[in-house]
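Engineer:
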Amino acid sequence: MTKIIGIGNALVDVLVHIDNEKLLYELGLPKGAMTHIDRKGLMRLRQRLVGVRVERATGGSAANTIHALAVLGHQTGFIGAVGDDETGRFFAEQNRARGIDLHLAIIADEQTGTANTLVTPDHERTFATHLGAAVYLERALHEVDLSAYDLLHIEGYLLQDDILLHKILQAAKDAGLRISYDLASWNIVRDHHAVVTDLMEKYVDIVFANEDEAVVFCGVDDPKRALRELVAKTDIAVVKVGKHGAMVMIQETGDEVFFAPAQERTVVDTTAAGDFFAAGFLHGLVGNKSIDTCLAYGNSMAGEVIQVMGTQVAPEKLRKCL
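Under numbering that gives the first Met the number 0, read the sequence shown as residues 0 to 321, first letter to last.
(1) Does the region 115-135 come into contact with the region 71-90, if we say contact requires no fewer than three beta-carbon pairs (one atom in each stretch) closer than 8 angstroms?
(2) Apart from the five residues just before and just after residue 32, which ones in its own chain have a Cβ nearer than 8 angstroms to its Cβ?
(3) By a C-beta neighbour count over all protein chains shown, 10 Å radius and 16 as the cutoff for buried, is residue 190 buried or exposed?
(4) Going along the chain, which residues of its own chain have a beta-carbon closer than 6 angstroms to the beta-carbon of residue 268, five neighbours each way excluded?
(5) What does DSSP give as the partner residue(s) for residue 180 in the beta ladder?
(6) For residue 207, which residues of its own chain have a beta-carbon under 6 angstroms away from its beta-carbon, when the five flanking residues on both sides are left out?
(7) Contact defined as beta carbons within less than 8 angstroms: I believe residue 58 pairs with residue 310. What is the distance between those atoms, to the nearest angstrom?
(8) Tell me where the beta strand (DSSP E) around residue 8 begins and ends.
(9) Say whether the region 90-107 touches the region 234-248, bearing in mind that this needs 3 or more beta-carbon pairs closer than 8 angstroms, one atom from each stretch.
(10) Taking 8 angstroms as the cut-off, does the region 290-304 touch the region 253-272 (at least 3 CB pairs, one atom from each stretch)?
(11) Could you check whether residue 12 and residue 116 sit closer than 7 angstroms to each other, using their CB atoms as the reference points?
(12) Would the beta-carbon of residue 302 fall within 7 angstroms of that of residue 262?
(13) Since residue 178 and residue 170 should fall inside the 8 angstroms C-beta cutoff, what is the C-beta to C-beta distance between them, to a whole number of angstroms?
(14) Less than 8 angstroms between the CB atoms is what I'm expecting for residue 239 and residue 209, so what's the real figure, rounded?
(15) Output the distance between the C-alpha atoms of residue 2 and residue 49, rounded to the nearest integer angstrom.
(16) Taking all protein chains shown into account, decide if residue 141 is buried (16 or more other Cβ within 10 angstroms of its Cβ) or exposed.
(17) Would you tell me roughly how many angstroms separate the C-alpha atoms of residue 225 and residue 7, rounded to the nearest one?
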(Lines of atoms letter the chains of each structure in order from A; the text may use other names.)
(Lines give C-alpha, C1' and ligand atoms only; values in the text may rest on other atoms or scores of the structure.)
Protein backbone atom coordinates (compact mmCIF):
# COMPACT_ATOMS: atom_id res chain seq x y z
CA MET A 0 0.00 0.00 0.00
CA THR A 1 1.15 3.56 -0.72
CA LYS A 2 3.31 5.09 2.03
CA ILE A 3 2.13 8.54 3.04
CA ILE A 4 3.86 11.09 5.26
CA GLY A 5 2.42 14.26 6.72
CA ILE A 6 4.21 17.40 7.83
CA GLY A 7 2.50 19.99 9.96
CA ASN A 8 1.94 21.62 13.30
CA ALA A 9 1.84 18.96 16.02
CA LEU A 10 -1.06 20.17 18.14
CA VAL A 11 -3.49 18.95 20.72
CA ASP A 12 -7.07 20.13 20.24
CA VAL A 13 -8.73 21.69 23.26
CA LEU A 14 -12.43 21.62 22.38
CA VAL A 15 -14.97 23.89 24.02
CA HIS A 16 -18.65 24.49 23.26
CA ILE A 17 -19.66 28.10 23.89
CA ASP A 18 -23.23 29.41 24.16
CA ASN A 19 -22.86 32.42 21.86
CA GLU A 20 -20.34 34.49 19.93
CA LYS A 21 -19.69 37.07 22.66
CA LEU A 22 -16.42 35.45 23.76
CA LEU A 23 -15.12 35.48 20.18
CA TYR A 24 -15.66 39.23 19.92
CA GLU A 25 -14.14 39.88 23.34
CA LEU A 26 -11.00 37.93 22.43
CA GLY A 27 -10.78 39.40 18.92
CA LEU A 28 -11.22 36.05 17.19
CA PRO A 29 -12.80 36.16 13.69
CA LYS A 30 -15.55 33.56 13.60
CA GLY A 31 -14.73 30.51 11.52
CA ALA A 32 -11.07 31.43 11.11
CA MET A 33 -7.77 30.43 12.68
CA THR A 34 -5.97 33.09 14.73
CA HIS A 35 -2.50 32.65 16.22
CA ILE A 36 -2.19 33.64 19.87
CA ASP A 37 0.91 34.06 22.03
CA ARG A 38 1.43 32.81 25.59
CA LYS A 39 -0.26 35.89 27.01
CA GLY A 40 -3.27 35.31 24.76
CA LEU A 41 -3.35 31.66 25.77
CA MET A 42 -3.42 32.55 29.46
CA ARG A 43 -6.18 35.09 28.83
CA LEU A 44 -8.24 32.46 27.01
CA ARG A 45 -7.73 29.88 29.73
CA GLN A 46 -8.82 32.35 32.38
CA ARG A 47 -12.07 32.91 30.47
CA LEU A 48 -12.67 29.15 30.27
CA VAL A 49 -12.24 28.36 33.97
CA GLY A 50 -15.10 26.10 35.01
CA VAL A 51 -16.08 25.32 31.41
CA ARG A 52 -16.04 21.67 30.29
CA VAL A 53 -13.30 20.99 27.77
CA GLU A 54 -12.34 17.91 25.78
CA ARG A 55 -8.92 17.00 24.47
CA ALA A 56 -7.88 15.15 21.32
CA THR A 57 -4.84 14.93 19.09
CA GLY A 58 -4.98 17.59 16.43
CA GLY A 59 -3.14 19.47 13.75
CA SER A 60 -4.55 19.41 10.24
CA ALA A 61 -1.97 17.20 8.53
CA ALA A 62 -1.68 15.00 11.64
CA ASN A 63 -5.45 14.44 11.57
CA THR A 64 -5.29 13.29 7.95
CA ILE A 65 -2.40 10.95 8.71
CA HIS A 66 -4.30 9.62 11.75
CA ALA A 67 -7.25 8.69 9.54
CA LEU A 68 -5.05 7.17 6.81
CA ALA A 69 -3.29 5.02 9.41
CA VAL A 70 -6.65 3.71 10.61
CA LEU A 71 -7.46 2.81 6.99
CA GLY A 72 -4.35 0.63 6.87
CA HIS A 73 -1.74 2.82 5.21
CA GLN A 74 1.90 2.92 6.23
CA THR A 75 2.17 6.46 7.52
CA GLY A 76 4.63 8.90 9.01
CA PHE A 77 4.37 12.33 10.56
CA ILE A 78 6.95 15.06 11.10
CA GLY A 79 6.44 17.74 13.74
CA ALA A 80 7.67 19.24 17.01
CA VAL A 81 6.25 19.05 20.53
CA GLY A 82 7.24 20.25 23.98
CA ASP A 83 8.75 18.09 26.69
CA ASP A 84 5.48 18.04 28.61
CA GLU A 85 2.44 15.90 29.34
CA THR A 86 0.57 17.35 26.35
CA GLY A 87 3.38 16.37 24.00
CA ARG A 88 3.49 12.87 25.44
CA PHE A 89 -0.27 12.59 24.92
CA PHE A 90 0.15 13.56 21.25
CA ALA A 91 2.94 11.02 20.74
CA GLU A 92 1.30 8.14 22.61
CA GLN A 93 -2.04 8.51 20.84
CA ASN A 94 -0.48 8.62 17.38
CA ARG A 95 2.01 5.80 17.98
CA ALA A 96 -0.92 3.65 19.09
CA ARG A 97 -2.38 4.19 15.61
CA GLY A 98 0.78 2.80 14.04
CA ILE A 99 2.13 6.12 12.78
CA ASP A 100 5.92 6.39 12.42
CA LEU A 101 6.58 9.63 14.29
CA HIS A 102 9.51 11.95 13.62
CA LEU A 103 9.12 14.44 16.47
CA ALA A 104 11.55 17.05 17.70
CA ILE A 105 11.19 17.43 21.49
CA ILE A 106 11.62 21.07 22.51
CA ALA A 107 12.60 21.29 26.17
CA ASP A 108 11.72 24.90 26.92
CA GLU A 109 8.42 25.21 25.01
CA GLN A 110 4.87 24.07 25.58
CA THR A 111 3.29 21.67 23.10
CA GLY A 112 1.05 23.62 20.75
CA THR A 113 -2.69 23.68 21.25
CA ALA A 114 -5.55 24.39 18.87
CA ASN A 115 -8.13 25.90 21.18
CA THR A 116 -11.33 25.22 19.30
CA LEU A 117 -14.40 27.25 20.22
CA VAL A 118 -17.57 25.69 18.85
CA THR A 119 -20.64 27.95 18.58
CA PRO A 120 -24.24 26.63 18.60
CA ASP A 121 -24.28 26.56 14.77
CA HIS A 122 -21.37 24.05 14.95
CA GLU A 123 -18.95 26.56 13.42
CA ARG A 124 -15.39 26.26 14.71
CA THR A 125 -13.16 29.19 15.58
CA PHE A 126 -9.53 28.44 16.36
CA ALA A 127 -7.23 30.27 18.76
CA THR A 128 -3.98 28.44 18.08
CA HIS A 129 -0.92 28.64 20.29
CA LEU A 130 1.84 27.05 18.22
CA GLY A 131 4.35 26.73 21.04
CA ALA A 132 6.90 24.04 20.20
CA ALA A 133 5.35 23.42 16.77
CA VAL A 134 7.32 26.34 15.29
CA TYR A 135 10.52 24.32 15.72
CA LEU A 136 9.41 21.86 13.04
CA GLU A 137 12.67 22.26 11.11
CA ARG A 138 14.55 20.46 13.90
CA ALA A 139 12.60 17.30 13.09
CA LEU A 140 13.40 17.27 9.37
CA HIS A 141 17.08 16.43 9.31
CA GLU A 142 17.00 12.66 9.77
CA VAL A 143 13.85 11.87 7.77
CA ASP A 144 14.28 10.03 4.47
CA LEU A 145 11.41 11.36 2.38
CA SER A 146 12.28 8.98 -0.44
CA ALA A 147 10.93 6.15 1.73
CA TYR A 148 7.44 7.55 1.08
CA ASP A 149 5.26 7.96 -2.00
CA LEU A 150 3.09 10.94 -1.09
CA LEU A 151 3.42 13.99 1.16
CA HIS A 152 0.36 15.62 2.70
CA ILE A 153 1.03 19.10 4.04
CA GLU A 154 -1.06 21.84 5.60
CA GLY A 155 -1.26 25.49 4.66
CA TYR A 156 -0.96 26.45 8.32
CA LEU A 157 2.82 26.12 7.88
CA LEU A 158 2.82 29.42 6.02
CA GLN A 159 3.98 31.05 9.25
CA ASP A 160 7.40 30.12 7.76
CA ASP A 161 7.09 30.20 3.98
CA ILE A 162 10.85 29.77 3.44
CA LEU A 163 10.77 26.48 5.34
CA LEU A 164 7.66 25.42 3.45
CA HIS A 165 9.42 26.00 0.12
CA LYS A 166 12.38 23.91 1.35
CA ILE A 167 10.12 21.04 2.42
CA LEU A 168 8.19 20.97 -0.83
CA GLN A 169 11.34 21.16 -2.96
CA ALA A 170 12.87 18.28 -0.98
CA ALA A 171 9.71 16.22 -1.49
CA LYS A 172 9.71 16.91 -5.24
CA ASP A 173 13.40 16.02 -5.47
CA ALA A 174 12.61 12.73 -3.69
CA GLY A 175 9.88 11.94 -6.24
CA LEU A 176 6.84 12.31 -3.98
CA ARG A 177 3.41 13.46 -5.06
CA ILE A 178 2.31 16.44 -2.98
CA SER A 179 -1.13 16.98 -1.49
CA TYR A 180 -1.76 20.44 -0.02
CA ASP A 181 -4.62 21.69 2.15
CA LEU A 182 -5.23 25.44 1.96
CA ALA A 183 -6.09 25.38 5.70
CA SER A 184 -7.99 28.63 6.37
CA TRP A 185 -9.46 31.50 4.38
CA ASN A 186 -7.55 34.15 6.33
CA ILE A 187 -4.23 32.39 5.69
CA VAL A 188 -5.07 32.26 1.98
CA ARG A 189 -5.92 35.97 2.05
CA ASP A 190 -2.80 37.01 3.93
CA HIS A 191 -0.35 34.84 1.93
CA HIS A 192 -1.99 34.82 -1.49
CA ALA A 193 1.15 35.33 -3.57
CA VAL A 194 3.08 32.65 -1.71
CA VAL A 195 0.22 30.13 -1.95
CA THR A 196 -0.03 30.75 -5.69
CA ASP A 197 3.70 30.19 -6.12
CA LEU A 198 3.65 26.97 -4.08
CA MET A 199 0.75 25.56 -6.04
CA GLU A 200 2.27 26.31 -9.41
CA LYS A 201 5.69 24.90 -8.50
CA TYR A 202 5.00 21.91 -6.30
CA VAL A 203 1.42 20.88 -5.63
CA ASP A 204 -0.26 17.93 -7.37
CA ILE A 205 -3.50 17.81 -5.35
CA VAL A 206 -5.10 20.77 -3.59
CA PHE A 207 -7.92 20.67 -1.03
CA ALA A 208 -9.97 23.78 -0.26
CA ASN A 209 -13.26 24.52 1.38
CA GLU A 210 -15.67 26.97 -0.22
CA ASP A 211 -14.41 30.01 1.71
CA GLU A 212 -10.76 29.26 0.98
CA ALA A 213 -11.44 28.68 -2.71
CA VAL A 214 -13.38 31.88 -3.31
CA VAL A 215 -10.88 33.98 -1.34
CA PHE A 216 -7.97 32.48 -3.25
CA CYS A 217 -9.58 33.02 -6.64
CA GLY A 218 -11.36 36.31 -5.92
CA VAL A 219 -14.73 35.04 -7.15
CA ASP A 220 -17.99 34.36 -5.32
CA ASP A 221 -18.87 31.10 -7.09
CA PRO A 222 -17.15 27.93 -5.80
CA LYS A 223 -17.46 26.21 -9.18
CA ARG A 224 -15.66 29.10 -10.88
CA ALA A 225 -13.07 28.97 -8.13
CA LEU A 226 -12.62 25.25 -8.75
CA ARG A 227 -11.86 25.93 -12.42
CA GLU A 228 -9.23 28.50 -11.47
CA LEU A 229 -7.63 26.18 -8.91
CA VAL A 230 -7.27 23.28 -11.33
CA ALA A 231 -5.44 25.57 -13.75
CA LYS A 232 -2.61 25.66 -11.19
CA THR A 233 -2.45 21.99 -10.18
CA ASP A 234 -3.32 18.49 -11.41
CA ILE A 235 -6.32 17.80 -9.15
CA ALA A 236 -8.44 20.40 -7.34
CA VAL A 237 -11.00 19.56 -4.68
CA VAL A 238 -13.48 22.10 -3.30
CA LYS A 239 -15.63 21.09 -0.34
CA VAL A 240 -18.96 22.88 -0.11
CA GLY A 241 -19.98 21.97 3.42
CA LYS A 242 -23.29 20.19 3.88
CA HIS A 243 -23.80 20.15 0.10
CA GLY A 244 -20.82 17.87 -0.62
CA ALA A 245 -17.68 18.30 -2.69
CA MET A 246 -16.52 18.95 -6.25
CA VAL A 247 -13.41 17.86 -8.14
CA MET A 248 -11.75 18.80 -11.40
CA ILE A 249 -8.76 17.10 -13.02
CA GLN A 250 -6.57 19.19 -15.29
CA GLU A 251 -5.99 16.48 -17.88
CA THR A 252 -9.71 15.72 -18.34
CA GLY A 253 -10.71 19.25 -19.31
CA ASP A 254 -13.93 20.88 -18.12
CA GLU A 255 -15.63 17.90 -16.46
CA VAL A 256 -16.74 18.62 -12.89
CA PHE A 257 -17.21 15.65 -10.57
CA PHE A 258 -19.66 16.20 -7.71
CA ALA A 259 -20.88 14.09 -4.81
CA PRO A 260 -23.48 15.23 -2.26
CA ALA A 261 -22.69 15.01 1.43
CA GLN A 262 -24.47 12.46 3.56
CA GLU A 263 -27.01 13.72 6.07
CA ARG A 264 -25.59 13.40 9.55
CA THR A 265 -26.25 14.76 13.03
CA VAL A 266 -23.52 17.35 13.51
CA VAL A 267 -21.81 17.49 16.89
CA ASP A 268 -18.52 19.16 15.93
CA THR A 269 -17.02 19.84 12.50
CA THR A 270 -13.43 19.76 13.79
CA ALA A 271 -11.26 17.76 11.36
CA ALA A 272 -14.08 17.20 8.85
CA GLY A 273 -11.89 18.50 6.04
CA ASP A 274 -8.88 16.55 7.28
CA PHE A 275 -10.80 13.27 7.36
CA PHE A 276 -12.34 14.07 3.97
CA ALA A 277 -8.81 14.42 2.59
CA ALA A 278 -7.86 11.05 4.07
CA GLY A 279 -10.80 9.31 2.44
CA PHE A 280 -10.20 10.99 -0.90
CA LEU A 281 -6.47 10.21 -0.87
CA HIS A 282 -7.14 6.60 0.12
CA GLY A 283 -9.26 6.20 -2.99
CA LEU A 284 -6.86 8.12 -5.21
CA VAL A 285 -3.74 6.13 -4.36
CA GLY A 286 -5.81 2.96 -4.69
CA ASN A 287 -6.64 3.95 -8.29
CA LYS A 288 -10.35 4.25 -7.57
CA SER A 289 -12.63 6.42 -9.71
CA ILE A 290 -13.00 10.08 -8.74
CA ASP A 291 -16.63 9.40 -7.85
CA THR A 292 -15.46 6.72 -5.41
CA CYS A 293 -12.77 9.02 -3.99
CA LEU A 294 -15.45 11.64 -3.32
CA ALA A 295 -17.72 9.06 -1.71
CA TYR A 296 -14.91 7.92 0.59
CA GLY A 297 -14.12 11.52 1.52
CA ASN A 298 -17.73 12.41 2.27
CA SER A 299 -18.20 9.24 4.34
CA MET A 300 -15.09 9.90 6.43
CA ALA A 301 -16.11 13.50 7.05
CA GLY A 302 -19.61 12.32 7.91
CA GLU A 303 -18.23 10.10 10.67
CA VAL A 304 -15.94 12.62 12.36
CA ILE A 305 -18.59 15.36 12.56
CA GLN A 306 -20.70 13.10 14.78
CA VAL A 307 -18.18 13.20 17.64
CA MET A 308 -16.30 15.85 19.56
CA GLY A 309 -12.77 16.11 18.22
CA THR A 310 -11.20 13.30 16.25
CA GLN A 311 -11.89 10.28 18.44
CA VAL A 312 -13.90 8.20 15.96
CA ALA A 313 -13.99 4.45 16.54
CA PRO A 314 -11.61 2.87 13.97
CA GLU A 315 -14.20 0.32 12.86
CA LYS A 316 -16.58 3.13 11.90
CA LEU A 317 -13.94 4.73 9.69
CA ARG A 318 -13.14 1.43 7.99
CA LYS A 319 -16.82 0.95 7.20
CA CYS A 320 -16.68 4.17 5.15
CA LEU A 321 -14.90 2.33 2.35
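Just so you know, even glycine gets a beta-carbon here, dropped at the ideal spot from N, CA and C.
Structural biologist: With the structure as the only source:
(1) yes
(2) 125, 126, 184, 185, 186
(3) exposed
(4) These residues qualify, in order along the chain: 118, 308.
(5) 153, 206
(6) 181, 237, 277
(7) 7 angstroms
(8) In this chain, residue 8 is not harboured by any beta strand (DSSP E), its DSSP state being neither H nor E.
(9) no
(10) Two segments are said to touch when three or more pairs of C-beta atoms, one from each, lie closer than 8 angstroms; by this definition the region 253-272 touches the region 290-304.
(11) yes
(12) yes
(13) Between residue 170 and residue 178 the Cβ distance is about 11 angstroms, and since that is not below 8 angstroms, they are no contact.
(14) 5 angstroms
(15) 42 angstroms
(16) Residue 141 is exposed by the Cβ-count criterion.
(17) Distance between the alpha carbons of residue 225 and residue 7: 26 angstroms.
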